Every structure is written in C-alpha cells, then in structure tokens.
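Protein chains in written order, with the numbering used here: chain P, 865 to 1142; chain Z, 59 to 218.
Glycine is no exception: its CB is placed at the ideal position from the N, C-alpha and C atoms.
Since this is a predicted model, take the numbers as computed values, not measurements.
One structure is given here, and the rest of the page talks about it.
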Ligand SMILES: Cc1cc2nc3c(=O)[nH]c(=O)nc-3n(C[C@H](O)[C@H](O)[C@H](O)COP(=O)(O)OP(=O)(O)OC[C@H]3O[C@@H](n4cnc5c(N)ncnc54)[C@H](O)[C@@H]3O)c2cc1C
Ligand code: FES
Ligand code: FES
C-alpha cells in the first residue's frame, strides 16, 4: 500500500494523472475503511485529502452555501447559520450513522461513494445542489441530479476530484425529509424521501429505491400542475415511472414502494388540512 | 510495504512510532502504544467500542487510517478523569464491559461540551455506542448522572 499526502490542491490533482495509475482519494474514510482489515491493501495507492489546504470550508453567502470537499456532517451541524438556512441538510447530517461517523464523514464522500442509500445526497438534491469537479485540465460544475449515471457510476472522471458542492439559496415554502431504517439511528436507509417547494416548483428525491439517489420528476410535474391525491395508490402509480425499487438484504421492492408512496401521500395530506397550507 | 513514520500526541504526550502503512488508529493504540483500554467490537464503525477523541471530537478509531493521525491529538479512555468513571461504576452502566470504553469516552466528551445537548438528546448522541447487555436505560441514566449529578435518582453520595 502507498499513501500520497499532498498539502495543496494543485499537487493533489497532479498526482491523479501520474503515470503510475490513478490513486483512490480518501477523505473521512467512513466508507473506505469499513472493509479495511479484510482487504488486500498491498497494491492500493491512496490519495489522502486530509492535509490538502482549503478543502474544509463551509461558506454561506447571500446566494449560496459552499461546502468544501472535506467538510463533515458535524461541521454543518455546528455552523448555526448554514444549518438554519438549509434545515434538511442539518436533519440529514444527524441521520447519518451516529456522532462518531458525523465527525468524520464528508458530504463530498457521500456523493463520490455513490450509494443509492446516501442520505446527504438526498437532502442536497432537493435543494438543487451542484458538484464542482476539478482536474489539472479544467473545473466544471455538474448538477447533482445529473451526476449519477448508474449504480455507483457517475460522470466524475478518474482525474477529477470533487472540490466543492454548491447549494443555491432559495425561498422555500415547504421542506421535508423522512428516512425509514431498521432503527432510528445508525441504520442505512430502506427508503428515504425529501421534498421542497420554491418558486421554481416542487422537487422530490428518493433514496434506496433506484440504482442511485434520484429525482421523482413525474411526481414533481403532477404536483406542479396542481394535482392532488386521494390514496397512496395514486402516488404509487405515478412513482412507478420515477423509481425502480429492488429487493435486497435490507428490504423488499414491495415494501419500499409501498412505504415511499404512503410517506408522501400522508405528508401531502397534512398540507390540505386547514392549518397546513404551503 | 515500507513502514509509516508516525508522530502524534497521545493523551497529552508526544509519541513517535513506526507502524504498518495500512494500520488503523485502533491497532496503533492497542498494539504499538499499549493502550488496550480502547476495544474492537465490530471493526466497521457500527458499535462505538473503539471511540476515541481525535482533535477533541469523538471518532471510531477502527475507521481512522493511522496515516491521517500524524501531527494530531488523540485522547483515549486511559485519559478520562475519575469524576467521569466513578458515577458510571455505581449506576450499572457496565455489565460485561465490552462497550464501556466507548461509553466512557463519549461521556467525557459530552461533559466537556454540554452545549451540544441543546439541539439533540443524550440518547441520540449515545446511539452509536451499542451495548448488548444493559438494555441502554442504565447506560443513559449513568451518563446522565455524570453530566448532572443532581439528577441521579437514588444516586449515592452525589449531593453537592
Ligand atoms: C457505521 C456507519 C454508518 C453510516 N451511516 C450512513 C447513513 O446513515 N447515511 C449515509 O448516507 N451514509 C452512511 N454511512 C456512509 C458514510 O459515512 C458516508 O457515505 C460518508 O459521507 C462518506 O464520506 P467519507 O469522507 O468518510 O468518505 P471516504 O470513505 O473517505 O470516501 C468514500 C468514497 O468517496 C471517494 N471520495 C471521497 N472524497 C472525494 C473527493 N473529494 N473527490 C472524489 N472522490 C472522493 C473515495 O475515493 C471513496 O470512493 C455510514 C458509514 C458507517 C461506517
Ligand atoms: S470497533 Fe470501531 S465501531 Fe465497532
Ligand atoms: S456492558 Fe456488555 S456490551 Fe455493554
């Protein structure tokens, strides 16, 4: 095993294009270290991001929140202004593992890891976040909802690092996130859903019901058109165009689609009550 | 694999070691530093038995590669003051004791950072410390008794 420990971004990016082969970036290690002892690490080369200067910022401006590549869940929880401006990010941060994971796990790692169950991705997606990718050649910004191309697949090239995540500030009239796991804490999502409504319309995202965290655009379009629902089944029929739940060790496809549609239906039903207008 | 030359601060004292490049902080503490108080439960971040403070924040040392620890400060269960462990000994917080080192370190951290409990409950903060023996109620009441000695129902010798 070999570890490369650059202290600046230019050097880190250069190491990604060295002829010896592409090293694996490591930030908080909460995904990469899980099977560490069982892995043959002999031929692995890691690019340690922990010493690269300037990657742990969390900047809230008038227009946007910028999350650095090494910014952790706990950093966001502790940044009162950012947590207040983006309550679903704070909620998702507290739902990731437990405190010992939140102090190490990064938002960028959650995206790069590409798990369909990622909770941070879910919250960032309904806020219209974009991913800033940088290589020795260029810097580009990709909307998070166009970042994933399949199970653990994304548009990120091996020579690129996620250097930041940008979350635009908008006025929201509705923000909601729900996660269903085997227990309330320290559990990977069986089904997760988040919804926001701003002047740009509804955004709905779901996790653990498709090969990657995804937007539910058919449902969004229906909500934008003012559609209301009289049963969870109606929500479910619409969602079938958006999600493709599978049966795996954590849950069944039937359970996931049923719970997802019921979560959404009953939350929307609350809005129709006299006190719950959007 | 060439050894990793590693210097960091352990419980307030500088240490310098040569370790395997793929060593985890947990391994370095137990096998190279002789700090065997820190336990390995699951080895994959779930149970919290291996909790230590890294630059003052609780982390699972089984998920921290040693190479990320250079130049930083690590505090383990060995450095926890008796005011923390004393009440835990009297409240049934430990049965088999496998989870206890992590619980003790978390208790110390919460005692030094009472402000974090304004936005989340004690149970939420302790949710990453699994215990197969106690059923958790005595863990929570034990930790609570350290954080606020007056609150201990039937606590012994805790009145100020
Ligand atoms: C016990 C436990 C519970 C967990 N619970 C949850 C949970 O509830 N919800 C959830 O969503 N996740 C959970 N996770 C997963 C994990 O904590 C998160 O995905 C976390 O955000 C990963 O960030 P990291 O910095 O630790 O990633 P690392 O492990 O360092 O890296 C993860 C991946 O991202 C790549 N990478 C990291 N940074 C960059 C970068 N800047 N540019 C390009 N690639 C990069 C790495 O090469 C690797 O492939 C849990 C993990 C554990 C061990
Ligand atoms: S041994 Fe580290 S969390 Fe279980
Ligand atoms: S006392 Fe046995 S695991 Fe907690």
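### Task
Indicate, with yes or no, if ligand 1 has a heavy atom lying under 7 Å from the CB of residue 1050 (chain P).
The residue given as residue 1050 (chain P) occupies position 186 in the first chain. Residue 1050 (chain P): yes, Cβ under 7 Å from ligand 1.
### Query
Hey, how far is the Cα of residue 940 (chain P) from the Cα of residue 931 (chain P)?
Within the first chain, residue 940 (chain P) is the residue found at index 76, counting from 1. Within the first chain, residue 931 (chain P) is the residue found at index 67, counting from 1. Taken atom to atom, the span from the alpha-carbon of residue 940 (chain P) to that of residue 931 (chain P) is near 9 Å.
### Message
For the structure I just gave you, are there three or more beta carbon pairs, one from the stretch 897 to 905 of chain P and one from the stretch 70 to 82 of chain Z, closer than 8 Å?
### Response
Using a C-beta cut-off of 8 Å, the stretch 897 to 905 of chain P makes contact with the stretch 70 to 82 of chain Z, since at least three inter-stretch Cβ pairs fall below that distance.
#### Entry: Exposure of residue 1134 (chain P), with buried meaning 16 or more beta-carbon neighbours within 10 Å
Reading the first chain from its first residue, position 270 is the one you call residue 1134 (chain P). Counting Cβ neighbours within 10 Å, residue 1134 (chain P) comes out exposed, since fewer than 16 surround it.
### Task
Starting from the N-terminal end, write out each residue whose C-beta falls within a distance shorter than 6 Å of any non-hydrogen atom of ligand 2.
In chain order, the qualifying residues are Z:98, Z:99, Z:100, Z:101, Z:103, Z:104, Z:105, Z:106, Z:107, Z:108, Z:118 and Z:120.
#### Entry: Near-chain Z residues of the stretch 941 to 974 of chain P - C-beta to any C-beta below 7 Å
Of all residues in the stretch 941 to 974 of chain P, those with a C-beta nearer than 7 Å to a C-beta of chain Z are 958, 961, 962, 963, 964, 965, 967 and 968, reading in chain order.
### Query
Listing by chain order, which chain P residues have their CB less than 9 Å from the CB of residue 66 (chain Z)?
Within the second chain, numbered from 1, the residue matching residue 66 (chain Z) stands at position 8. Think of a sphere of 9 Å around the beta carbon of residue 66 (chain Z): no beta carbon from chain P falls inside it, the nearest being about 13 Å out.
### Query
What is the DSSP secondary structure of residue 955 (chain P), counted as helix, strand or coil?
The residue given as residue 955 (chain P) occupies position 91 in the first chain. Residue 955 (chain P) carries a helical assignment under DSSP once its states are collapsed to helix, strand and coil.
#### Entry: Beta-carbon neighbours of residue 867 (chain P), restricted to chain Z and to distances below 7 Å
Taking the first residue of the first chain as position 1, residue 867 (chain P) is located at position 3. Against residue 867 (chain P), the close residues of chain Z are 79 and 125, in the order they occur along the chain (beta-carbon pairs closer than 7 Å).
### Query
With 16 other CB atoms within 10 Å as the buried threshold, where does residue 1064 (chain P) fall?
Taking the first residue of the first chain as 1, we reach residue 1064 (chain P) at position 200. It is exposed - the Cβ of residue 1064 (chain P) has fewer than 16 other Cβ atoms within 10 Å.
### is_contact[residue 104 (chain Z), chain P] using C-beta, thresh 8 Å
Here residue 104 (chain Z) is taken as the residue at index 46 of the second chain, counted from 1. It does; some Cβ of chain P falls within 8 Å.
### Query
From residue 115 (chain Z) to residue 1087 (chain P), what does the alpha carbon distance come to, in whole angstroms?
For the purposes of this step, residue 115 (chain Z) is taken as the residue at position 57 of the second chain. For the purposes of this step, residue 1087 (chain P) is taken as the residue at position 223 of the first chain. Looking at the two C-alpha atoms, the distance is approximately 43 Å.
### Task
Measuring from each Cβ to the nearest heavy atom of ligand 3, keep the ones under 7 Å and list them in chain order.
One residue list follows from the rule of a beta carbon closer than 7 Å to any heavy atom of ligand 3, given in chain order as Z:152, Z:153, Z:154, Z:155, Z:156, Z:157, Z:158, Z:189, Z:190, Z:191 and Z:192.
### Message
For the structure I just gave you, are there three or more beta carbon pairs, one from the stretch 183 to 201 of chain Z and one from the stretch 137 to 153 of chain Z, closer than 8 Å?
### Response
With three or more CB-CB distances shorter than 8 Å, the stretch 183 to 201 of chain Z counts as touching the stretch 137 to 153 of chain Z.
### Query
When you check each C-beta in the stretch 177 to 202 of chain Z against every C-beta of chain P, which residues fall closer than 7 Å?
Residues passing the 7 Å Cβ filter: 178, 182, 183, 185 and 186.
#### Entry: Buried or exposed by the 16-neighbour rule on C-beta atoms within 10 Å, applied to residue 1076 (chain P)
Locating residue 1076 (chain P) in the first chain gives position 212, counting from the first residue. Label assigned to residue 1076 (chain P): buried.
### Message
Rounded to the nearest angstrom, what separates residue 1109 (chain P) and residue 951 (chain P) at their Cα positions?
### Response
Within the first chain, residue 1109 (chain P) is the residue found at index 245, counting from 1. Within the first chain, residue 951 (chain P) is the residue found at index 87, counting from 1. Going by the C-alpha atoms only, they are around 27 Å apart.
### Query
Can you find at least 3 beta carbon pairs, one from the stretch 170 to 180 of chain Z and one from the stretch 90 to 102 of chain Z, that sit closer than 8 Å?
No: fewer than three Cβ pairs fall under 8 Å.
### Task
Starting from residue 901 (chain P), find everything on chain Z with Cβ-Cβ shorter than 7 Å and list it in chain order.
Sequence index remark: in the first chain, residue 901 (chain P) carries index 37 (1-based). Residues of chain Z passing the Cβ test: 101.
### Query
Checking contacts by CB at 8 Å: is residue 893 (chain P) closer than that to chain Z?
Walking along the first chain from the start, residue 893 (chain P) turns up at place 29. Chain Z, which has a Cβ nearer than 8 Å to the Cβ of residue 893 (chain P), makes this yes.
### ligand 1 heavy atom lying under 7 Å from the CB of residue 931 (chain P)
Residue numbering aside, residue 931 (chain P) sits at position 67 when the first chain is read from its first letter. Checking every heavy atom of ligand 1 against the Cβ of residue 931 (chain P), none is found closer than 7 Å.
### Query
The alpha helix (DSSP H) spanning residue 1119 (chain P) covers which residue range?
The residue you call residue 1119 (chain P) lines up with position 255 of the first chain. Unbroken alpha helix (DSSP H) run through residue 1119 (chain P): 1117 to 1136.
### Query
If we cut at 8 Å on Cβ distances, does residue 96 (chain Z) have a partner in chain P?
Locating residue 96 (chain Z) in the second chain gives position 38, counting from the first residue. No, its Cβ sits nowhere closer than 8 Å to a Cβ of chain P.
### Task
Scan the stretch 1016 to 1039 of chain P for residues whose Cβ lies nearer than 8 Å to a Cβ of chain Z and list them as they occur along the chain.
Answer set for the stretch 1016 to 1039 of chain P: empty.
### Query
Can you tell me whether DSSP reads residue 100 (chain Z) as helix, strand or coil?
Taking the first residue of the second chain as position 1, residue 100 (chain Z) is located at position 42. Residue 100 (chain Z) falls in the coil class under three-state DSSP.
### Task
Check whether the Cβ of residue 172 (chain Z) lies closer than 8 Å to any Cβ atom in chain P.
The sequence position of residue 172 (chain Z) within the second chain is 114, counting from 1. Judged by the 8 Å Cβ criterion, residue 172 (chain Z) is not in contact with chain P.
### Query
Are at least three pairs of beta-carbons, each pair with one atom in the stretch 909 to 929 of chain P and one in the stretch 1026 to 1046 of chain P, less than 8 Å apart?
Three or more Cβ pairs closer than 8 Å define a contact, and the stretch 909 to 929 of chain P meets that threshold against the stretch 1026 to 1046 of chain P.
### Task
Could you check how far apart the C-beta atoms of residue 922 (chain P) and residue 913 (chain P) are, in whole angstroms? I think they sit under 8 Å.
On the first chain, position 58 is the one that residue 922 (chain P) refers to. On the first chain, position 49 is the one that residue 913 (chain P) refers to. Between residue 913 (chain P) and residue 922 (chain P) the Cβ distance is about 16 Å, and since that is not below 8 Å, they are no contact.
### Message
Can you give me the C-alpha to C-alpha distance between residue 132 (chain Z) and residue 68 (chain Z), rounded to a whole angstrom?
### Response
As a working mapping, residue 132 (chain Z) is identified with position 74 in the second chain. As a working mapping, residue 68 (chain Z) is identified with position 10 in the second chain. Their backbone Cα atoms lie some 5 Å apart in a straight line.
### Query
In whole angstroms, what separates the C-alpha of residue 1078 (chain P) from that of residue 986 (chain P)?
Counted from its first residue, the first chain places residue 1078 (chain P) at position 214. Counted from its first residue, the first chain places residue 986 (chain P) at position 122. Straight-line Cα distance between these residues: approximately 8 Å.
### Query
Mind checking whether the beta-carbon of residue 115 (chain Z) lies closer than 7 Å to any heavy atom of ligand 1?
Residue 115 (chain Z) sits at position 57 when you count from the first residue of the second chain. Residue 115 (chain Z) Cβ: outside cutoff for every heavy atom of ligand 1.
### Query
Where do the N-terminal and C-terminal ends of the beta strand (DSSP E) with residue 930 (chain P) fall, by residue?
Within the first chain, residue 930 (chain P) is the residue found at index 66, counting from 1. Its beta strand (DSSP E) spans residues 928 to 932.
### Message
In whole angstroms, give me the CA-to-CA distance for residue 1070 (chain P) and residue 1056 (chain P).
### Response
Counting from one through the first chain, the residue named residue 1070 (chain P) turns up at place 206. Counting from one through the first chain, the residue named residue 1056 (chain P) turns up at place 192. So the alpha carbons of these two residues sit roughly 5 Å apart.
### Query
Which one of P:1124, P:942 and P:992 has the shortest CA to CA distance from residue 1099 (chain P)?
For this step, residue 1099 (chain P) is matched to residue 235 along the first chain. The shortest C-alpha separation from residue 1099 (chain P) is found at P:1124.
### Query
Thinking C-alpha only, which one of P:907, P:996, P:890 and P:959 is nearest residue 1026 (chain P)?
Residue 1026 (chain P) sits at position 162 when you count from the first residue of the first chain. Relative to the Cα of residue 1026 (chain P), the nearest Cα in the group P:907, P:996, P:890 and P:959 belongs to P:996.
#### Entry: Residues near residue 1004 (chain P) in its chain [Cβ-Cβ closer than 7 Å; skip 5 each side]
For the purposes of this step, residue 1004 (chain P) is taken as the residue at position 140 of the first chain. Close CB contacts of residue 1004 (chain P) within its chain, under the 7 Å cut and outside five residues either way in sequence, are with 997 (chain order).
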